[in-house]
Structures are given as structure tokens and as C-alpha cells.
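Comments concern the structure below.
Residue numbers (this note's numbering): 5 to 286.
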């Protein structure tokens, strides 16, 4: 069996490998744009095991490895770096270190969603991003109204409030800005409503998400995001470990018998953390 440690970068990767049958080892730099990486993995005997750190912009590579019939493990980047004892850090040494962890059975493997789950993550993330953009657009319109002495706060988004906003006497470019923002707000409302329907259907079709929605304050967005982020809950023996995974436990700097707790660590998935905080406030 071929075991490969991969130090992945957007345009290239450094690999180190070990053939467990022959004992042969090697290393190589593989370019992505030229197809060199694809050719390298395509000629490997199946199944090969590839390990890499969790990183962005790597979905195409993960799917390539899956399509070729190999197995890919995603590792916790912080734990991989923490286990690195050398002071000199290079791409070759990073790949060799990942290979060493794989061979010794110390690779800090993370749970990874399947393709369908990855696509559903895009749905939840897309909706969340549009909601954030809508909030910024609303803030801009609030500034416009406040500059004209109209303070309506949440009432600004009622039919009456929007009508007053449209009737505000503004200079030509300020008026142009208002119309563009109102048009953008209307478009965002429609798109978010459409995505809300898709999220609600996906949550209804998922037994775990459906069960979570029986809890007060937990709606389809929070439930689906939780399921797609946490995955198999059995990998967490205790609830405190889930809270730690999501960055919801306090920082601690205790020494000499004195306990000092700070703000939450904010590690993990930012979107799910914000959704859970919103759910707790309902």
C-alpha cells in the first residue's frame, strides 16, 4: 500500500510517500495547473492513503482522490503543527512529517463530510452570507435616514417606514444610492426567502436536524448547520467536547491554584457559533 503525506498549496503540493510492501520512499513537488498532480495520483496502485492538513480551496483535490479510488484523510492543522519538533520548517519537511504521523498511527484525523453534505454546507453558508450582506445594506439605509433626521429603527422596514424612506428629499447622488440600496434589499429578500425554503426542506429530510428542531429556539438553519458541522455526534463522548469544538468554552489561564477564565475561545465554525448564540437568545 502507498501512504502519502501531502503539504497542499493552492497551485502546487509537496508529497512524501512510502510503499509499505517494498519499503521504497520518495518525495516530489507536483504542480496543479499542468495536470502533474492528477497524473501522479492516477498512476498509483489502488487504494493509496493520502493525508493532508485541513485547508481551504482543496475540495477539487479531495474529490479527485475519491474519484480515483484512493482514500484521503484530513488532519487537524493545529495538532499536526503542535507535534512538529523541528525548528526549521519547510514544505518538504511538512510533507514528511504528515507521512510520519500516518505511518505511526498518530495522524489527528478529522471527520469529513461526504459530497452531498459538502454541497448542503454551501446552501447553508450561502444563505448566511446573504443575510450578512442584507444586514449591511440595512445599515447603509439607516444611515441615510438618520442623516435626514428620520429615526425609525426597526420600524424603518415596515411598509410605512420604507415609504417614508422613499419620500425623503435627497440630492441626486444620495437619491441614486438610496434607490440602488432599496433594489438590492428587495433582491436579497427574495433570494433569502428562496434559500429559506430549500434549507427548511433539507432539514425536514434529515432525521437528526428534524430532532434538533424540537428544541426551543432551534430552527431549520441552526439544526442543519449543526448536523453538517458536527457530523456523527458519537465522536464526542461528552457535551463539553462539542462546546469546545465550537469555541463556546471560556479561555483559561489558571496557575498556582488560582482559576482565571476569559472570553470564549471562538475556535471552530464561526457561522454555527453565531446561529447557536441567536437560538439561545430566543
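Backbone N, C-alpha and C fix where the C-beta goes; we use that ideal spot for every residue, glycine too. Because the structure is a prediction, the values reported are computed rather than measured.
What is the rounded straight-line gap between the Cα of residue 182 and the Cα of residue 168? As a first step, residue 182 must be located in the chain shown, where it is residue number 178. As a first step, residue 168 must be located in the chain shown, where it is residue number 164. In a straight line, the C-alpha of residue 182 is about 12 Å away from that of residue 168.
Would you kindly work out how many angstroms separate the C-alpha atoms of residue 55 and residue 239, rounded to a whole number? Numbered from its first residue, the chain shown carries residue 55 at position 51. Numbered from its first residue, the chain shown carries residue 239 at position 235. Rounded to the nearest angstrom, the two C-alpha atoms are 20 Å apart.
Should residue 118 be labelled buried (16 or more other beta-carbon atoms within 10 Å of its own) or exposed? Sequence index remark: in the chain shown, residue 118 carries index 114 (1-based). That one is exposed.
List, from N- to C-terminal side, the alpha helix (DSSP H) runs of 4 residues or more that fit wholly inside the segment 58 to 141. 63 to 71, 81 to 86 and 95 to 108
From residue 216 to residue 176, what distance separates their C-alpha atoms? Within the chain shown, residue 216 is the residue found at index 212, counting from 1. Within the chain shown, residue 176 is the residue found at index 172, counting from 1. One C-alpha to the other measures close to 50 Å.
Starting from residue 21, trace the beta strand (DSSP E) in both directions and tell me its first and last residue. Position 17 of the chain shown, counting from 1, holds the residue named residue 21. Looking at the DSSP string, the run of the beta strand (DSSP E) that includes residue 21 is 16 to 23.
According to DSSP, which residues form a beta bridge with residue 250? In the chain shown, the residue the question calls residue 250 occupies position 246. Paired residues: none, contrary to the question.
Is residue 113 closer than 9 Å to residue 77 when the C-beta atoms are compared? Translated into positions along the chain shown, residue 77 becomes position 73. Translated into positions along the chain shown, residue 113 becomes position 109. Yes, the Cβ-Cβ distance between residue 77 and residue 113 is below 9 Å.
Residues in its own chain within less than 6 Å of residue 265 by CB, not counting five upstream and five downstream? Looking up residue 265 in the chain shown gives position 261. The answer, listed in chain order, is 254 and 256.
Count the C-beta pairs between the segment 270 to 286 and the segment 224 to 238 that are closer than 8 Å, then say yes if the count reaches three, no if not. yes
Hey, how far is the Cα of residue 252 from the Cα of residue 258? Translated into positions along the chain shown, residue 252 becomes position 248. Translated into positions along the chain shown, residue 258 becomes position 254. So the alpha carbons of these two residues sit roughly 18 Å apart.
Euclidean distance between Cα positions of residue 195 and residue 224: Your numbering for residue 195 matches position 191 in the chain shown. Your numbering for residue 224 matches position 220 in the chain shown. Taking the straight line joining both Cα atoms gives about 17 Å.
Which of the three DSSP states, helix, strand or coil, is assigned to residue 240? Counted from its first residue, the chain shown places residue 240 at position 236. Three-state result, residue 240: coil.
Just the Cα atoms here: how many angstroms apart are residue 137 and residue 130? As a working mapping, residue 137 is identified with position 133 in the chain shown. As a working mapping, residue 130 is identified with position 126 in the chain shown. Between residue 137 and residue 130, the C-alpha separation is close to 11 Å.
Helix, strand or coil: which one does DSSP assign to residue 277? Taking the chain shown and counting its residues from 1, one reaches residue 277 at position 273. In the structure shown, residue 277 sits in a helix (DSSP, three-state: H, G or I).
Spell out the partners DSSP gives residue 12 in its beta bridges. For the purposes of this step, residue 12 is taken as the residue at position 8 of the chain shown. Paired residues: 17.
With three or more beta-carbon pairs closer than 8 Å as the criterion, would you say the segment 39 to 50 touches the segment 91 to 111? no
N- and C-terminal bounds of the alpha helix (DSSP H) containing residue 226: The residue you call residue 226 lines up with position 222 of the chain shown. First-last of the alpha helix (DSSP H) with residue 226: 224 to 234.
Strand pairing of residue 38, partner residues [DSSP]: Here residue 38 is taken as the residue at index 34 of the chain shown, counted from 1. The partner list for residue 38 (beta bridge, DSSP) is empty, contrary to what the question assumes.
Measure the CB-CB distance between residue 185 and residue 148 and report whether it falls below 9 Å. Translated into the one-based positions of the chain shown, residue 185 becomes position 181. Translated into the one-based positions of the chain shown, residue 148 becomes position 144. Yes, they are a contact pair.
Where residue 158 and residue 32 are concerned, what is the direct C-alpha to C-alpha distance, given to the nearest angstrom? Counted from its first residue, the chain shown places residue 158 at position 154. Counted from its first residue, the chain shown places residue 32 at position 28. Computed Cα separation, rounded: 59 Å.
Would you mind giving the Cβ-Cβ distance between residue 57 and residue 20, rounded to the nearest angstrom? I have them listed as a contact below 8 Å. As a working note, residue 57 is residue 53 in the chain shown. As a working note, residue 20 is residue 16 in the chain shown. So it is not a contact: roughly 14 Å between Cβ atoms.
Compare the C-alpha of residue 201 against each of 153, 128 and 27 and name the closest. As a position in the chain shown, residue 201 is number 197, starting the count at 1. It is 128 whose Cα lies nearest to the Cα of residue 201.
What does DSSP give as the partner residues of residue 55 in its beta bridges? Locating residue 55 in the chain shown gives position 51, counting from the first residue. BP columns for residue 55 point to 9 and 77.
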